[in-house]
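Below: the structure, in structure tokens.
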Amino acid sequence: AEFQAPEERDFDSAPPEDAPTNLLDMLRVMDVTHFWDARAELPQHLTNRYRTRFSGNCRRIIVHHTASDNDASWAAVASYHGAKGWPGIGYHFGITPDGAVTLLNGIDVVSYHAGIANHDSIGIVFAGDYRTEHLTDAAEDAFWELVRTLEEFLRHDLQIRGHRDVAATVCPGDNLYRPLLLKIPAQ
């Protein structure tokens, strides 16, 4: 999949009357392999809860990888984060190599995925260890479709950064960072 600059969008004009106005409805009609809302099925801390925010304050997407086998379940990732004492899984969306997109947290949730960047960012994690695995066309296409959907819902462009751009880490792995993030024009 080749990066293409998004077509000019007029975020100042009203969306078409028949356009979905709720993010969940917009996510359900994305052109991806499969969409699943997993929020109710993921393990959470018994008492700790994430703070919430006005979703319109989201200004950027932070890209991650699980750094594990690409068939690890989102429940396993949530359990791993729970063992750290976190309220739940740290990401907002997950993408698998086959291009399936999973909603892990609402974008109004300030989850723990990027340290000081948590307050205004949406965490998107790719299943797999991209230090050794390679990005599939299906996963990349699903990512760009998700970005387009989020920007349409929020009515503004989002900056896209890798976890390594906001913290001292190799995440999201060179085999995801190079083909996905290095082709984005300076933002």
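Using the working numbering, you'd call the opening residue of the sequence shown number 3 and step up by one each time. Virtual Cβ for every residue (Gly too), placed ideally from N, Cα, C. Here the structure is a predicted model, which means the values were calculated and not measured.
- When beta bridges are read from the DSSP output, residue 96 appears opposite 104, 127.
- Counting along the chain, residue 65 sits inside the beta strand (DSSP E) bounded by residues 62-67.
- In the DSSP assignment, residue 163 falls within the beta strand (DSSP E) that extends over 161-164.
- Put simply, the segment 48-56 touches the segment 89-100. At least three CB pairs are less than 8 Å apart.
- The C-beta separation of residue 107 from residue 93 comes to about 7 Å, placing the pair in contact by the 8 Å criterion.
- Residue 53 carries a strand assignment under DSSP once its states are collapsed to helix, strand and coil.
- The straight-line gap separating the alpha-carbon atoms of residue 99 and residue 165 is approximately 19 Å.
- Excluding sequence positions up to five before and after residue 181, its CB lies within less than 6 Å of the CB of 137, all in the same chain and listed in chain order.
- Note on residue 116: 16 or more other CB atoms within 10 angstroms of its CB, so buried under the neighbour-count rule.
- Each residue's CA atom was taken as its position, placing residue 64 and residue 70 some 18 Å apart.
- In the three-state DSSP reduction, residue 121 falls in the helix class (H, G or I).
- Cβ contact annotation for residue 135 (same chain, cutoff 7 Å, sequence separation greater than five): 72, 177, in chain order.
- In the same chain as residue 168, and ignoring 5 residues on each side of it, the C-beta atoms closer than 6 Å to its own belong to 116, 119, in chain order.
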